[in-house]
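Chains as they are written, first to last, in the working numbering: chain S, 3 to 116; chain G, 768 to 881. First the structure, in the form of structure tokens, and then the observations on it.
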């Protein structure tokens, strides 16, 4: 595998379910990100991990819980979501200080909350 | 807070027409600027970036962009579009050195008619 991979690619869940999204980067980067992409809205940064430490949390509801066990893996744990949380969730990675800190994106997980 | 504005929501062009997509950012200090493209069903990928040096930046697939600091602009151009350029285009900016907050515009959907 190369680049940034995400699983699952599609997820349908009820509001009472608990599920997790997984992201893995194979680029040797030291920063990873979760974004939310909704229709007709800009990409919203949710969380940033730099050297495995969470450095930014853009006021995301507590029903979203990130976990970064090492610099290659990032999880987003989901529980008691709302229908308005349905969106494409994107993971990205970057290497601090390298070429303008370009971010490399995964294909995303299309989440539908019923 | 940093903001990024893309002026056009949807642009429709015929093949061989010239393209210019507008992007303005608000941060007055040092910025790193990016254009990403999202082809139908594919993940976000980098077209080009500016973080220092020549303000005229050339990217992949014949795209270029010009950083004009006095106008807070980073417009994307291509002299002759192809049907395969049909995609959504996103302008993005970091604000300042060490920032992990990549702010995206709302995106411009480009449809190229054969």
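By construction, the Cβ of each residue, glycine as well, lies at the ideal position given by its N, Cα and C atoms. This structure is a prediction, so every number in the text was calculated from the model and none was measured.
Exercise for the section: Answer with yes or no whether the minimum CB distance from residue 783(G) to chain S is below 9 angstroms. Expected result: In the second chain, counting from the first residue as 1, residue 783(G) sits at position 16. Contacts with chain S at 9 angstroms (Cβ-Cβ) do not include residue 783(G).
Handout entry: Chain-ordered residues of the region 51-74 of chain S with a beta carbon less than 7 angstroms from chain G
Key = Here the close residues are 52, 57 and 58.
Practice task
Report the option in 85(S), 107(S) and 103(S) whose CA atom is closest to the CA atom of residue 19(S).
Solution key: Taking the first chain and counting its residues from 1, the one referred to as residue 19(S) is at position 17. Its Cα nearest to that of residue 19(S), the residue 85(S) stands out among 85(S), 107(S) and 103(S).
Handout entry: Contact belief for residue 790(G) with residue 843(G) at Cβ below 8 angstroms, rounded distance in angstroms
Key = In the second chain, residue 790(G) corresponds to position 23, counting from 1. In the second chain, residue 843(G) corresponds to position 76, counting from 1. Taking the Cβ atoms as the reference, residue 790(G) lies roughly 7 angstroms from residue 843(G), within the contact range of under 8 angstroms.
Practice task
Rounded to whole angstroms, what's the CA-CA distance from residue 83(S) to residue 116(S)? Just pull it up for me.
Solution key: Taking the first chain and counting its residues from 1, the one referred to as residue 83(S) is at position 81. Taking the first chain and counting its residues from 1, the one referred to as residue 116(S) is at position 114. Cα to Cα, residue 83(S) sits roughly 9 angstroms from residue 116(S).
Exercise for the section: Would you kindly work out how many angstroms separate the C-alpha atoms of residue 807(G) and residue 60(S), rounded to a whole number? Expected result: The residue labelled residue 807(G) in the question sits at position 40 within the second chain. The residue labelled residue 60(S) in the question sits at position 58 within the first chain. A straight line joining the alpha-carbon of residue 807(G) with that of residue 60(S) spans about 28 angstroms.
Problem - Neighbour list for residue 113(S) in chain G, Cβ cutoff strictly below 7 angstroms - result: Here residue 113(S) refers to the residue found at position 111 of the first chain. Residues of chain G passing the Cβ test: none, with the nearest at roughly 16 angstroms.
Practice task
Please look up how many angstroms separate the CB atoms of residue 37(S) and residue 46(S), rounded, as I've assumed it's under 8 angstroms.
Solution key: For the purposes of this step, residue 37(S) is taken as residue 35 along the first chain, with counting starting at 1. For the purposes of this step, residue 46(S) is taken as residue 44 along the first chain, with counting starting at 1. Right, the Cβ-Cβ distance comes to about 6 angstroms (below 8 angstroms), so this counts as a contact.
Practice task
Please state whether DSSP places residue 838(G) in a helix, a strand or coil.
Solution key: On the second chain, residue 838(G) is found 71 positions in, with the first residue counted as 1. Here DSSP, grouped into helix, strand and coil, assigns residue 838(G) to helix.
Handout entry: Range of the contiguous beta strand (DSSP E) that encloses residue 791(G)
Key = Position 24 of the second chain, counting from 1, holds the residue named residue 791(G). For residue 791(G), the enclosing beta strand (DSSP E) begins and ends at 790-792.
Handout entry: Inter-residue spacing [alpha-carbon to alpha-carbon] between residue 821(G) and residue 834(G)
Key = Taking the second chain and counting its residues from 1, the one referred to as residue 821(G) is at position 54. Taking the second chain and counting its residues from 1, the one referred to as residue 834(G) is at position 67. Near 9 angstroms, if we compare the C-alpha coordinates of residue 834(G) and residue 821(G).
Handout entry: Contact set between the region 819-849 of chain G and chain S, restricted to residues whose Cβ is under 9 angstroms from the partner
Key = Cβ contacts with chain S: 819.
Exercise for the section: Could you tell me whether the region 816-830 of chain G touches the region 844-857 of chain G, where touching means 3 or more Cβ pairs closer than 8 angstroms? Expected result: These segments touch.
Exercise for the section: Could you tell me how far apart the beta carbons of residue 39(S) and residue 89(S) are, in whole angstroms, since I believe they sit closer than 8 angstroms? Expected result: Start at 1 with the first residue of the first chain, and residue 39(S) comes out as number 37. Start at 1 with the first residue of the first chain, and residue 89(S) comes out as number 87. Yes, they are in contact, since the Cβ atoms of residue 39(S) and residue 89(S) sit about 6 angstroms apart, within 8 angstroms.
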